[in-house]
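Here's the structure we're looking at; comments come further down.
Number of protein chains: 2
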Amino acid sequence: MPDLSSRQVSQLPPLQAIRVFDAVARHLSFTKAAGELGMTQAAVSYQIKVLEERVGSPLFLRRPRQIVLTEAGQRLAPAVGEAFAILGQAYAAARAGADGLLCVTTVLTFASNWLAHRLGSFQIAHPALAVRLETSSRMTDFAREDVDIAIRSGGGTWPGLEVHKLLDADFTPMLSPKLAASIGGINEPMDLLRLPILDPGDIWWTEWFSAAGVHSHDLARRPGSSMGAQAYEANAAIAGHGVAILTRALFKAELADGRLIQPFDLVGDDGHAYWLVYPEARRNVPKIRAFRDWLLAEIAC
Amino acid sequence: MPDLSSRQVSQLPPLQAIRVFDAVARHLSFTKAAGELGMTQAAVSYQIKVLEERVGSPLFLRRPRQIVLTEAGQRLAPAVGEAFAILGQAYAAARAGADGLLCVTTVLTFASNWLAHRLGSFQIAHPALAVRLETSSRMTDFAREDVDIAIRSGGGTWPGLEVHKLLDADFTPMLSPKLAASIGGINEPMDLLRLPILDPGDIWWTEWFSAAGVHSHDLARRPGSSMGAQAYEANAAIAGHGVAILTRALFKAELADGRLIQPFDLVGDDGHAYWLVYPEARRNVPKIRAFRDWLLAEIAC
DNA sequence: TATAGCCCATAAGGAGGCCTTATGCCTGAC
DNA sequence: GTCAGGCATAAGGCCTCCTTATGGGCTATA
Numbered sequence: 115m116p117d118l119s120s121r122q123v124s125q126l127p128p129l130q131a132i133r134v135f136d137a138v139a140r141h142l143s144f145t146k147a148a149g150e151l152g153m154t155q156a157a158v159s160y161q162i163k164v165l166e167e168r169v170g171s172p173l174f175l176r177r178p179r180q181i182v183l184t185e186a187g188q189r190l191a192p193a194v195g196e197a198f199a200i201l202g203q204a205y206a207a208a209r210a211g212a213d214g215l216l217c218v219t220t221v222l223t224f225a226s227n228w229l230a231h232r233l234g235s236f237q238i239a240h241p242a243l244a245v246r247l248e249t250s251s252r253m254t255d256f257a258r259e260d261v262d263i264a265i266r267s268g269g270g271t272w273p274g275l276e277v278h279k280l281l282d283a284d285f286t287p288m289l290s291p292k293l294a295a296s297i298g299g300i301n302e303p304m305d306l307l308r309l310p311i312l313d314p315g316d317i318w319w320t321e322w323f324s325a326a327g328v329h330s331h332d333l334a335r336r337p338g339s340s341m342g343a344q345a346y347e348a349n350a351a352i353a354g355h356g357v358a359i360l361t362r363a364l365f366k367a368e369l370a371d372g373r374l375i376q377p378f379d380l381v382g383d384d385g386h387a388y389w390l391v392y393p394e395a396r397r398n399v400p401k402i403r404a405f406r407d408w409l410l411a412e413i414a415c
Numbered sequence: 115m116p117d118l119s120s121r122q123v124s125q126l127p128p129l130q131a132i133r134v135f136d137a138v139a140r141h142l143s144f145t146k147a148a149g150e151l152g153m154t155q156a157a158v159s160y161q162i163k164v165l166e167e168r169v170g171s172p173l174f175l176r177r178p179r180q181i182v183l184t185e186a187g188q189r190l191a192p193a194v195g196e197a198f199a200i201l202g203q204a205y206a207a208a209r210a211g212a213d214g215l216l217c218v219t220t221v222l223t224f225a226s227n228w229l230a231h232r233l234g235s236f237q238i239a240h241p242a243l244a245v246r247l248e249t250s251s252r253m254t255d256f257a258r259e260d261v262d263i264a265i266r267s268g269g270g271t272w273p274g275l276e277v278h279k280l281l282d283a284d285f286t287p288m289l290s291p292k293l294a295a296s297i298g299g300i301n302e303p304m305d306l307l308r309l310p311i312l313d314p315g316d317i318w319w320t321e322w323f324s325a326a327g328v329h330s331h332d333l334a335r336r337p338g339s340s341m342g343a344q345a346y347e348a349n350a351a352i353a354g355h356g357v358a359i360l361t362r363a364l365f366k367a368e369l370a371d372g373r374l375i376q377p378f379d380l381v382g383d384d385g386h387a388y389w390l391v392y393p394e395a396r397r398n399v400p401k402i403r404a405f406r407d408w409l410l411a412e413i414a415c
């Protein structure tokens, strides 16, 4: 049972009535105020009556052709107008501000290998929208962080979130042409084992070699650190430090210009993918729609 | 049918939710805000949710032990606080102001012959209450004039108004002792007709002479102006200019000190009286109660 | 002086906003 | 591991607030 003795309650005016009062004081007409507020004249009359009872004295004098403020009304009106001006402005600003800044959190690799190149076109298409891009490996919790949209990898089922698949997170070995040439070219999967394996503990390696029919039980014993992001491993591979297992869609450019080669057509796929996600309840927020629509269109290209 | 396209409606925030937001932003706690507002935590949660949907973005981040404002919330909170401060102050001032000034309108005679002597004791008893006294012969319309209490004479039935009888408006002739002596004293009613009759058209004269068994059909033909207020006629009578027909209760002092004499015990009474009146709906307004209680106590003396 | 028109007041009735109760979930502390 | 603190959610009911309909008072125009 709440404590009804709270003074705050009785000290604040009935807000709906105050809003109506503001409109009436500006128009000096119940009928016109009703028009502005989108309600009937009767409702305005009712609210003014309520407020007059709460204030303890009439706020308007009812003259034949018009109404005028009483002394009490004259004292109240300017302050009410000012308060609503502040409130309206702040509220509008909050809405606009909410519309004007889009916070996206994404896994590093997607940001650097996909988004970075294309984000410019989004900003050109939506000049009023500022984008704040954060990269994080943690899975963001929308209730706990100030984020509008996330791009994450995983199975694609998160309750309460709307999801759109972006890319399949397939995987296949890649390396620099120079490294491949250093052992006379890569002809069969087993050749890879003669080279340094980047992040050998990655489950993807085990699955890919298994699919290729190669025993790779010694992988786990190899030294090497998991760098935790394909982008890092890709850089190492481009630099010729070893073989990385990467998602094709994220390295189209590197494959196209020859910085990386994909020696085998065989790609693994554990069903994971990259997803665009955001809270279901916010699916119709303009900036979120804008980003989603743009991203899905770009992906489809 | 109201015009629902009015922009104003959608541009203003849901006020109840804003009020709750203000409390939550100050406490940074739903539970504490609920305590301040005198409602349950669930209600606060509901209102914040409503507001967040209307603003289009979360206003608070839900952290384990506490909540924090999002960027949008931080933009909104200070302005909302300021607006409510203005509003609360103005509202309190309006209530206080409404309590601090009492407007009384009264018929002239009652003011000058009864109220004027005694008003001082009311103001001493209620030092915080300023009294504005207006005299008017018109019957005041509470909806049209900025008046709290009226004192009027009449039959005592006015719909929508609370009435308290103050004095019977009886009437009997009065004149100055000097004028009476000028014709050797007043021994019977007919003697009065040998003197100038003040306001001879007054219905009271007709009624009184009739009750006294005197034919006075020539009264109407006498010259003389109705001054419209007993106070004026009384002054004329005191100055020896004629005989006036007055209400005893209003001229106790003059009768006591001999400025006027009442030659006959016979008093007329047409059922009219002086009444204290105010709108029924305002019977419990403090300043009105204070004045009513004081006035009725004084009358009873 | 009669009539039309404007504006506010009031009554009756209904929809929905808003609050409460009850419960669940999550997290951090002991 | 259990408990406590704090927010979220579902179900249900009250009561505020709005609408429709009507009336009254005044002004203006004929």
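From first to last, the protein sequence lines stand for chains A and B.
Numbering-wise (the working numbering), the first sequence opens with residue 115 and increments by one.
Numbering-wise (the working numbering), the second sequence opens with residue 115 and increments by one.
Every residue gets a Cβ at the ideal spot worked out from N, C-alpha and C, and that includes glycine.
Buried versus exposed, by CB contacts within 10 Å (16 or more), residue i
i, result
"GLU394/A", "exposed"
"PRO127/B", "buried"
"LEU201/B", "buried"
"ALA294/B", "buried"
DSSP state of residue i mapped onto helix, strand, coil
i, result
"PRO128/B", "coil"
"PRO400/A", "helix"
"GLY206/A", "The residue asked about is misnamed: residue 206/A is Ala in this sequence, not Gly. Helix at ALA206/A."
"LEU369/A", "helix"
"ARG232/A", "helix"
"ALA147/A", "helix"
"ASP245/A", "The residue you asked about is not Asp; residue 245/A is Val in the sequence shown. Note: VAL245/A maps to strand in three-state DSSP."
"MET288/B", "strand"
"PRO116/A", "Note that PRO116/A scores a pLDDT of 36, beneath 50, so its modelled location is shaky; the value from the coordinates is reported in the next line. Coil, per DSSP."
"PRO393/A", "strand"
"GLU276/A", "strand"
"LEU380/B", "coil"
"THR254/A", "coil"
"ALA264/B", "strand"
"ARG176/A", "strand"
"ILE297/A", "coil"
"VAL182/A", "strand"
"ALA358/B", "strand"
"ALA197/A", "helix"
"ASP213/B", "helix"
Contact set for residue i: own chain, Cβ-Cβ below 6 angstroms, skip 5 residues either direction
i, result
"ALA343/A", "LEU222 and THR223"
"GLU150/A", "ALA137"
"PHE236/B", "TRP408"
Sequence-distant residues of the same chain with beta carbon closer than 7 angstroms to residue i, five excluded per side
i, result
"GLY214/B", "ALA242, LEU243 and ALA244"
"MET304/A", "VAL328"
"HIS240/B", "ALA404"
"MET341/B", "Only weak support is given to the placement of MET341/B: the predicted model assigns it a pLDDT of 49, under 50, and the question is left unresolved by the model."
"GLY274/B", "PRO393 and GLU394"
"TRP228/A", "LEU364"
Alpha-carbon to alpha-carbon, residue j and residue i
i, j, result
"ALA95/A", "ARG246/B", "Since the displayed chain A opens at 115 and closes at 415, residue 95/A lies outside it and no answer follows."
"ALA363/B", "HIS141/A", "49 angstroms"
"ALA156/B", "THR271/A", "29 angstroms"
"ASP379/A", "THR286/A", "8 angstroms"
"PHE256/B", "ARG133/A", "25 angstroms"
"ARG373/B", "LYS163/A", "51 angstroms"
"TYR160/A", "GLY354/B", "57 angstroms"
"GLN188/A", "ALA325/B", "54 angstroms"
"LYS146/B", "GLY234/B", "49 angstroms"
"GLY315/A", "ASP332/A", "10 angstroms"
Residues near residue i by beta carbon distance below 8 angstroms, same chain, minus five either side
i, result
"ASP260/B", "CYS217"
"TRP318/A", "PHE285, ILE359, GLY382 and ASP384"
"GLY195/A", "ASP136, ALA139 and ARG140"
Where residue i meets chain B, residues with beta-carbon distance less than 9 angstroms
i, result
"ILE132/A", "LEU129, LEU201 and TYR205"
"ALA193/A", "ILE200, LEU201, GLN203, ALA204, TYR205, ALA207 and ALA208"
"GLU185/A", "GLY211, ALA212, LEU215, CYS217 and ASP260"
Under 8 angstroms from the C-beta of residue i: neighbouring residues of chain B
i, result
"LEU126/A", "ARG133, PHE198, LEU201, GLY202 and TYR205"
"SER143/A", "What SER143/A touches in chain B: nothing, since even the nearest Cβ is about 14 angstroms away."
"ARG176/A", "ALA257 and ARG258"
"ARG189/A", "ALA204, ALA207, ALA208 and GLY211"
Neighbouring residues, chain B, relative to residue i (Cβ below 7 angstroms)
i, result
"LEU333/A", "Ordered by position in chain B, no residue passes the 7 angstroms Cβ test against LEU333/A, which lies about 40 angstroms from the chain."
"LEU369/A", "Simply none; closest approach about 40 angstroms."
Within chain A, the residues that residue i reaches when beta carbons sit closer than 7 angstroms
i, result
"ARG179/B", "Residues of chain A passing the Cβ test: none, with the nearest at roughly 12 angstroms."
Cross-chain neighbours of residue i in chain A, by beta carbon under 8 angstroms
i, result
"VAL399/B", "GLY170 and SER171"
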